[in-house]
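Colleague:
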Amino acid sequence: MTRVRFAPSPTGLLHIGGLRTALYNYLLARQTGGVFVLRIEDTDRTRFVPEAEKDILDSLAWAGLTVDEGPTQGGDAGPYRQSERTARYREAVDRLLDDGHAYIAFDTAEEIAELRERRQREGHDSTGYSAATRGEMTNALTLDVGQVQQRLDAGDDHVVRLKVEPGQTVRFEDAVRGEVAFETDTVDDQVLLKSDGMPTYHLANVVDDHAMGITDVIRGEEWLPSTPKHVLLYDALGWKPPRFAHLPLIMSPTGGKLSKRSADRLGIPVNVRQYREAGYEPEAVVNFLAFLGWNPGTEQEGFTLDELVEAFSVERIGTSGAQFSLDKLNWFNGQVLRELEPEEIAVRARPEVEAKHGAVDASALVAAATLLRERIEKASDLADADYLFGEVTSYDETALKKRWKDDSARLVATYADRLEADSEFTEASTEVAMRQLAEDEEVGFGRVIHPVRLATTGVSAGAGMFETLVTIGRDTVIERLRRAAAELT
RNA sequence: GCCGCGUUCGUCUAGGGGUCUAGGACGCCGCCCUCUCACGGCGGUAACACGGGUUCAAAUCCCGUACGCGGUACCA
Numbered sequence: 000m001t002r003v004r005f006a007p008s009p010t011g012l013l014h015i016g017g018l019r020t021a022l023y024n025y026l027l028a029r030q031t032g033g034v035f036v037l038r039i040e041d042t043d044r045t046r047f048v049p050e051a052e053k054d055i056l057d058s059l060a061w062a063g064l065t066v067d068e069g070p071t072q073g074g075d076a077g078p079y080r081q082s083e084r085t086a087r088y089r090e091a092v093d094r095l096l097d098d099g100h101a102y103i104a105f106d107t108a109e110e111i112a113e114l115r116e117r118r119q120r121e122g123h124d125s126t127g128y129s130a131a132t133r134g135e136m137t138n139a140l141t142l143d144v145g146q147v148q149q150r151l152d153a154g155d156d157h158v159v160r161l162k163v164e165p166g167q168t169v170r171f172e173d174a175v176r177g178e179v180a181f182e183t184d185t186v187d188d189q190v191l192l193k194s195d196g197m198p199t200y201h202l203a204n205v206v207d208d209h210a211m212g213i214t215d216v217i218r219g220e221e222w223l224p225s226t227p228k229h230v231l232l233y234d235a236l237g238w239k240p241p242r243f244a245h246l247p248l249i250m251s252p253t254g255g256k257l258s259k260r261s262a263d264r265l266g267i268p269v270n271v272r273q274y275r276e277a278g279y280e281p282e283a284v285v286n287f288l289a290f291l292g293w294n295p296g297t298e299q300e301g302f303t304l305d306e307l308v309e310a311f312s313v314e315r316i317g318t319s320g321a322q323f324s325l326d327k328l329n330w331f332n333g334q335v336l337r338e339l340e341p342e343e344i345a346v347r348a349r350p351e352v353e354a355k356h357g358a359v360d361a362s363a364l365v366a367a368a369t370l371l372r373e374r375i376e377k378a379s380d381l382a383d384a385d386y387l388f389g390e391v392t393s394y395d396e397t398a399l400k401k402r403w404k405d406d407s408a409r410l411v412a413t414y415a416d417r418l419e420a421d422s423e424f425t426e427a428s429t430e431v432a433m434r435q436l437a438e439d440e441e442v443g444f445g446r447v448i449h450p451v452r453l454a455t456t457g458v459s460a461g462a463g464m465f466e467t468l469v470t471i472g473r474d475t476v477i478e479r480l481r482r483a484a485a486e487l488t
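The opening position of the first sequence corresponds to residue 0 in numbering that gives the first Met the number 0, with each subsequent residue numbered one higher.
1) Quick one: using the 10 Å Cβ neighbour count with 16 as the cut-off for buried, is T455 buried or exposed?
2) List, from N- to C-terminal side, the beta strand (DSSP E) runs of 3 residues or more that fit wholly inside the segment 232-277.
3) Could you give the first and the last residue of the continuous alpha helix (DSSP H) run that contains V284?
4) How far does the beta strand (DSSP E) with I448 in it extend, from its first residue to its last?
5) What is the DSSP secondary structure of P198, reduced to helix, strand or coil?
6) Secondary structure at Q322, three-state DSSP: helix, strand or coil?
7) Considering only their Cβ atoms, is the gap separating R19 from L288 smaller than 7 Å?
8) Is G145 helix, strand or coil when you go by DSSP?
9) What distance in whole Å lies between the Cβ atoms of V3 and I249, which are believed to be in contact at a cut-off of 8 Å?
10) Roughly how many angstroms lie between the CA atoms of P9 and R84, to the nearest whole one?
11) Quick check: what's the CA-CA separation for N270 versus L12?
12) If you follow the alpha helix (DSSP H) that K94 is part of, which residue opens it and which one closes it?
13) Suppose you measure from the CA of Q167 to the CA of T183; what does that come to, to the nearest Å?
14) Is A358 near S379, with beta carbons less than 7 Å apart?
15) Output the distance between the C-alpha atoms of E40 and R150, rounded to the nearest integer angstrom.
16) With contact counted as at least three CB pairs below 8 Å, one residue from each stretch, are the segment 71-88 and the segment 108-123 in contact?
17) Just verifying my parser: in three-state terms, what is the DSSP assignment at R495?
18) Let me know if M0 comes out buried or exposed under the rule of 16 or more other beta-carbons within 10 Å of its beta-carbon.
19) To the nearest angstrom, report how far apart T297 and V284 are at their CA atoms.
20) According to DSSP, simplified to helix, strand and coil, what is F5?
21) Starting from N138, follow its DSSP beta bridges and name the residues at the other end.
22) Any chance the segment 159-178 sits against the segment 244-258, with 3 or more Cβ pairs inside 8 Å?
23) Considering only the beta carbon of each residue, do R115 and T126 sit closer than 7 Å?
24) I'd like to know whether the C-beta atoms of S393 and G443 end up nearer to each other than 7 Å.
25) For D91 and L192, I'd like the C-alpha separation in whole angstroms.
26) I'd like to know whether the C-beta atoms of E280 and N332 end up nearer to each other than 7 Å.
27) Taking 7 Å as the cut-off, decide whether the C-beta atoms of F323 and P252 are in contact.
28) How many Å lie between Y128 and D188 at the Cα?
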């Protein structure tokens, strides 16, 4: 049984890259009939943000990724917050200590910084706390048993470090990259237990993945360099490592990390929350994210979540970093929108429309969606159609210049008169009336239709003129035509 | 610096020794449709990082170089 996990740190709003990691895990779980676990990795008390867990939950739910086991869902492998599992880490550490795979160290942050600086200055390849340097430091390997006990009894700050044996090669199979190898001489004696008693990511991750029966670890490529530490830990604890799959990183459109800073500058949202607030459809975000680093090997581009579950495979995940493209996301969003019924678009557009125009009828919203759905990129764009939800208060300057001629006021006024006489007021009748008017006045059709569009909508772009007129409604149309004829000369 | 990973159109990518005069999608440009703007349809632009091998044959395999990215924390 496949068991995968998404294991974010509650340090802020969920990052879009985090959602992709969650998505790939979810897809593998669903495809194999496995279990999707959510585990909150809250071991860093200094960066902990209380609201973050809720944002993670909300974001996953928004994207449609349902969690099988997690802090709010429960499950047999709980608890699902690392801060609630400290006894297990302690137990593992004791075992590592007893077996000589780990040791206690007393060095202060300053002493370690000094070590690094010195190694750097002396031009060594490795700069950290490792087999090459631990003999010079203050730890259970250099102190005698009595001294260690004495310092422990005195309550001195200390950490527990993994004892990495030099001269070995750690190999593991990565599902997307193939075999990856690291020399242990380049692997530092990683801290496993911090001086505050909390585990580091490395320890907690290995202990929990084992305890929760995780079979496949799908995570970002930034973890690849620390995977040898994890493999060493599994070995030391006598456990079988899971399968690893390291995802290519999502990069900024200008290259480099898609950080908060670079994204802000480029106007790209970084948090899932921001995508939601910007009016993106979750289906579009999911579809777009799925294609950032994966492809189905066919030419199909539009996928529902269920179709992705069907088509997904770890083998087809790519190896190189993928630059984020807002253009492509927008295109996906348009595709999703065109598949939605007007009623559904109306539901999604409502908050934005009401924020701008006040309360609106459901029927007005649906009518607007029906009229404009081919022309909007986001459901919330409906709110821009002022002429459907309020008054026409101004006219587009450039359009006015181009389309409003000397005879426009007269033609628009005359058209208003003819509509007043038109009891049907349908798409057909309003069009016939306009064609008749153009013929009677011996002017081109465009001479009438463009000024009428301007007068009734205030803008030059929009849906078919006659559908638009019918949607706006007869009385309002006539009133707007007359007012424009009077105001614009 | 050191370690690791990567490198096909501007971007996402297909392709994994001959079928590649390198395919698709986004973007961009043009045409068609048309009352505008879109949608849609059709067409166009544009890429195998570089250098050595291996081979009858290399975008595809090997080595090197360059470049990019990640890691190098008592952060994850």
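Using N, Cα and C, we set each Cβ at its ideal position, and we do this for glycine too.
Modeller: Taking the coordinates as given:
1) The residue labelled residue 455 in the question sits at position 456 within the first sequence. T455 is buried by the Cβ-count criterion.
2) Taken in chain order, the unbroken stretches of beta strand (DSSP E) that lie wholly in the segment 232-277 and span 3 residues or more are 242-246.
3) Residue mapping note: residue 284 aligns to position 285 of the first sequence, counting from 1. Going by DSSP, V284 is part of the alpha helix (DSSP H) stretching over 281-289.
4) As a working note, residue 448 is residue 449 in the first sequence. That residue, I448, is in no beta strand (DSSP E); its alpha helix (DSSP H) goes 444-456.
5) For this step, residue 198 is matched to residue 199 along the first sequence. In the structure shown, P198 sits in a strand (DSSP, three-state: E or B).
6) Along the first sequence, read from residue 1 onward, the residue named residue 322 stands at position 323. If DSSP states are grouped into helix, strand and coil, Q322 belongs with the strands.
7) Start at 1 with the first residue of the first sequence, and residue 288 comes out as number 289. Start at 1 with the first residue of the first sequence, and residue 19 comes out as number 20. Against a cut-off of 7 Å, the Cβ pair of R19 and L288 comes out as a contact.
8) Indexing the first sequence from 1 puts residue 145 at position 146. Looking at G145 - three-state DSSP - the assignment turns out to be helix.
9) Taking the first residue of the first sequence as position 1, residue 249 is located at position 250. Taking the first residue of the first sequence as position 1, residue 3 is located at position 4. 19 Å between Cβ atoms; not a contact.
10) Here residue 9 refers to the residue found at position 10 of the first sequence. Here residue 84 refers to the residue found at position 85 of the first sequence. In a straight line, the C-alpha of P9 is about 16 Å away from that of R84.
11) Translated into the one-based positions of the first sequence, residue 270 becomes position 271. Translated into the one-based positions of the first sequence, residue 12 becomes position 13. Approximately 6 Å between the Cα atoms of the pair.
12) Against the first sequence, residue 94 aligns to sequence position 95. Per the sequence shown, residue 94 should be read as Arg rather than Lys. Taken as a continuous stretch (DSSP letters only), the alpha helix (DSSP H) holding R94 covers 85-97.
13) For the purposes of this step, residue 167 is identified with residue 168 of the first sequence, where counting begins at 1. For the purposes of this step, residue 183 is identified with residue 184 of the first sequence, where counting begins at 1. Going by the C-alpha atoms only, they are around 5 Å apart.
14) As a working note, residue 358 is residue 359 in the first sequence. As a working note, residue 379 is residue 380 in the first sequence. In this structure, A358 keeps its C-beta atom at 7 Å or more from the C-beta atom of S379.
15) The residue labelled residue 40 in the question sits at position 41 within the first sequence. The residue labelled residue 150 in the question sits at position 151 within the first sequence. Near 31 Å, if we compare the C-alpha coordinates of R150 and E40.
16) Pairwise C-beta distances place the segment 71-88 out of contact with the segment 108-123, as fewer than three of them are shorter than 8 Å.
17) This structure leaves residue 495 out entirely; the chain is present only between 0 and 488.
18) Here residue 0 refers to the residue found at position 1 of the first sequence. Counting Cβ neighbours within 10 Å, M0 comes out exposed, since fewer than 16 surround it.
19) For the purposes of this step, residue 297 is taken as the residue at position 298 of the first sequence. For the purposes of this step, residue 284 is taken as the residue at position 285 of the first sequence. One alpha carbon belongs to T297, the other to V284, and they sit about 20 Å apart.
20) Here residue 5 refers to the residue found at position 6 when the first sequence is read from its first residue. The DSSP-derived three-state label of F5 is strand.
21) Within the first sequence, residue 138 is the residue found at index 139, counting from 1. Paired residue(s): A104.
22) The segment 159-178, when compared against the segment 244-258, does touch it at the 8 Å Cβ threshold.
23) Within the first sequence, the letter at position 116 stands for residue 115. Within the first sequence, the letter at position 127 stands for residue 126. For R115 and T126, yes; Cβs fall inside 7 Å.
24) As a position in the first sequence, residue 393 is number 394, starting the count at 1. As a position in the first sequence, residue 443 is number 444, starting the count at 1. Their beta carbons are not under 7 Å apart, which means S393 does not touch G443 by this criterion.
25) Position 92 of the first sequence, counting from 1, holds the residue named residue 91. Position 193 of the first sequence, counting from 1, holds the residue named residue 192. It should be noted that the sequence gives Ala, not Asp, for residue 91. So the two alpha carbons sit approximately 10 Å from each other.
26) Counting from 1 along the first sequence, the entry for residue 280 is found at position 281. Counting from 1 along the first sequence, the entry for residue 332 is found at position 333. Their beta carbons are under 7 Å apart, which means E280 touches N332 by this criterion.
27) As a working note, residue 323 is residue 324 in the first sequence. As a working note, residue 252 is residue 253 in the first sequence. In this structure, P252 lies closer than 7 Å to F323 by Cβ.
28) By one-based count along the first sequence, residue 128 stands at place 129. By one-based count along the first sequence, residue 188 stands at place 189. Approximately 6 Å, taken between the alpha carbons.
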